[in-house]
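A short worksheet on the structure shown next.
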Amino acid sequence: MSARTPAWSSGRLERLLGLDHPIVQGPFGGGLSSVALAAAVSEAGGLGSYGGHILAPDELTGLVATLKAATGRPFAVNLWVPHPGEAELRATPADVDRLRPYFEELGLPVPEAGHPAGQDFDDQADALLAAGPPVLSFVMGIPPARVIAEARRKGIPTIGTATTVDEAVALEQAGLDAIVASGSDAGGHRGAFLRPVGESLVGTFSLVPQIADAVSVPVIAAGGIADGRGVAAAITLGAHGVQIGTGFLATRESGASTLHKAALHTPAARVTVLTRLFSGRLARAIPNRFVREMAAFEAEVPPYPVQNALMLGLRREAGRRGLADLVNLWAGQAAPLTEAGGARDYVGRLLAETEKIMGNGR
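Here the numbering used here runs 9 ahead of the position in the sequence shown, where the first position is 1.
Printed below as a string of structure tokens:
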């Protein structure tokens, strides 16, 4: 165990990943990750992360090189495991027409029906394995056995993400080295893969002790954690570390837009909803005009990656213009506890707050 490892930590996660502190930055997809954020968290002794699921293989190769140049500490690159049948999905004319008014409102060309362009997971995984990031993490499912085996051969620890106890058990049996227990409090996309998402919405502080009892690998609590009180609660319930998303999304180094960061600190962030409208996959966000106007179509929009591809141009242009009512404002249920500032200072605050609670036995 590092001399700097907190006394309240078991040290298991730190030894596995080469960290000083059991704090993991959530891996944001869709351009919300940044090299600056991942490097800052890693340099502070935690595990910085970068969501790479939209990147082409050569981009992932370049990303790993850039991150290695930015920090000599461990970091993780995250991929989405595809669901069966995703590659065959197509957008229909009705899917396009449903969104037409919003594209016309912004004077944008309306996307065409057909197959959405996307990345091939196997090619992405091969590129990352060749590039050799210090840690590989996965969400949405169990990576192929060959990927897990090659990562182990190369000495790259792997982290899987579970939203239920059964998913955690399946990930451990598949050979993942650590498991994120992702509660339904968490912002962004839900990664359920064994049962429908609606049957997999377990709150973080119900999920963590159950997964800790069910598996022998280190458990990382995620969802609804934004300050030292949440860290202390997760550790007390059996977690070996925490993964924080929204709290790091609010820092100045994150790739979130100014309007997105501002929304996290408004009364609107006290209410979040689970919606499929932005990507076709259920995700937690601050509701806005688009979510309210399209609420009746939650069950009708096509699955990921079709809806995601249809919405991409609209989301990017609305973000460029600062139109908060038409962009995805991902946020977890602890968003009101976040603060603006630097990522390294945030890690320090988390550690100090947790030490105050755990050190005093409170």
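Idealized CB from N, CA, C, for every residue including glycine. Owing to the predicted nature of the structure, the values given are computational and were not obtained by experimental measurement.
Spatially closest choice to residue i from the options, by CA coordinates
i, options, result
"P314", "A134, E97, Q252 and R329", "E97"
"G250", "L258, G237, T284 and A230", "A230"
"V44", "G71, S18, P120 and A65", "G71"
"V384", "V224, E159 and G256", "For the chain, the structure presents residues 10 to 371; residue 384 sits outside this window and is missing."
"D67", "D132, R353, G331 and N87", "D132"
"L56", "P142, M149, T347 and L246", "P142"
"S255", "V156, D29, L346 and A78", "Per the sequence shown, residue 255 should be read as Thr rather than Ser. When only C-alpha atoms are compared, the closest one is L346."
"F375", "G264, E95, L246 and D186", "Look at the range of the chain in this structure, 10 to 371, and you will see that residue 375 is not part of it."
"G368", "T281, L137 and V240", "V240"
"E208", "D354, G38, V174 and L185", "V174"
"A221", "L258, F257, R155 and E181", "E181"
"T260", "A333, R279 and D354", "D354"
"R199", "I366, T363, R109 and G341", "G341"
"V280", "L332, G264, I168 and R301", "R301"
"I188", "S266, L26 and A304", "L26"
"V356", "P31, S19, E23 and W17", "P31"
"G331", "I168, A171, A160 and A265", "A265"
"R358", "F257, R99 and A278", "F257"
"A190", "G184, Q252 and I157", "Q252"
7 Å Cβ shell around residue i - same chain, five flanking residues per side excluded
i, result
"L338", "H269, A272, A294, I295 and N297"
"P36", "S42, S58, Y59, G60, A85, N87 and S146"
"E322", "Contrary to the premise, residue 322 reads as Gly rather than Glu in this sequence. Excluding residues within five positions, the ones whose Cβ falls inside 7 Å are L117 and P120."
"G150", "V90, H92 and F202"
"E307", "T284, R285 and L286"
"R21", "P227 and H249"
"A47", "Q34, G57, S58, Y59, L76 and F84"
"A304", "none"
"M10", "With a pLDDT of only 42 at M10, under the threshold of 50, the placement of this residue in the model should not be trusted; the figure read from the coordinates follows. Excluding sequence neighbours, M10 sits near G20, E23 and R24."
"P218", "L246 and G247"
"L210", "S193"
Cross-strand partners of residue i (DSSP beta bridge)
i, result
"T167", "L145"
"G63", "For the record, residue 63 in the displayed sequence is Ile; it is not Gly. I63 is not bridged to any residue."
"A187", "I168"
"N87", "G60 and S146"
"G197", "R293"
"V33", "L56 and Q252"
"W339", "A294"
"I157", "According to DSSP, I157 bridges with nothing at all."
"Y228", "Sequence inspection shows Val at residue 228; the Tyr mentioned does not correspond to that position. DSSP lists I188 as partners of V228."
Assigned exposure category for residue i - 16 Cβ within 10 Å defines buried
i, result
"E114", "exposed"
"A12", "Here A12 scores only 49 on pLDDT, less than 50, and its place in the model should not be relied on; the value that follows carries that caveat. A12 should be labelled exposed."
"D236", "buried"
"G164", "exposed"
"E262", "buried"
"A343", "buried"
"D328", "For the record, residue 328 in the displayed sequence is Gly; it is not Asp. By the neighbour-count rule (16 or more Cβ atoms within 10 Å), G328 is buried."
"T101", "exposed"
"S215", "exposed"
"P166", "buried"
"D106", "exposed"
"T267", "exposed"
"R109", "exposed"
"R162", "exposed"
"A243", "buried"
"P15", "buried"
Nonlocal neighbours in the same chain, by C-beta distance under 6 Å from residue i, ignoring five residues either side
i, result
"G317", "What sits at residue 317 in the sequence shown is Asn, not Gly. For N317, where only same-chain residues beyond five positions count, the Cβ hits under 6 Å are S288 and G289."
"R238", "none"
"G197", "A292 and W339"
"T80", "A48, S51 and E52"
"E176", "L203"
"A361", "none"
"A160", "L145 and T167"
Own chain partners of residue i with C-beta closer than 8 Å, once the 5 adjacent residues on each side are dropped
i, result
"G212", "G192, S193, D194, G232 and G233"
"D104", "A122, V310, P311, V315, Q316 and L319"
"Y111", "F299, L323 and L335"
"I63", "G38, G39, G40 and Q128"
"R325", "none"
"L69", "G61, V86, Q133, A136, L137 and A140"
"P153", "D131 and A134"
"A349", "A259, T260, R261, K270 and H274"
Check: residue i C-beta below 7 Å from any heavy atom of the ligand ATP
i, result
"D104", "Absence of the ligand ATP is noted for the structure shown, with no ligands found whatsoever."
- Query: Where in the region 231-264 do unbroken runs of the beta strand (DSSP E), each at least 3 residues long, occur, reported from the N-terminal end onward?
  - Reply: 250-253
Margin query: At 3 residues or longer, what runs of the beta strand (DSSP E) sit wholly inside the region 280-307?
Written below: 282-284 and 292-294
- At which residue ranges does the region 101-128 contain complete alpha helix (DSSP H) runs of 4 or more residues, listed in the order of the chain? 102-114
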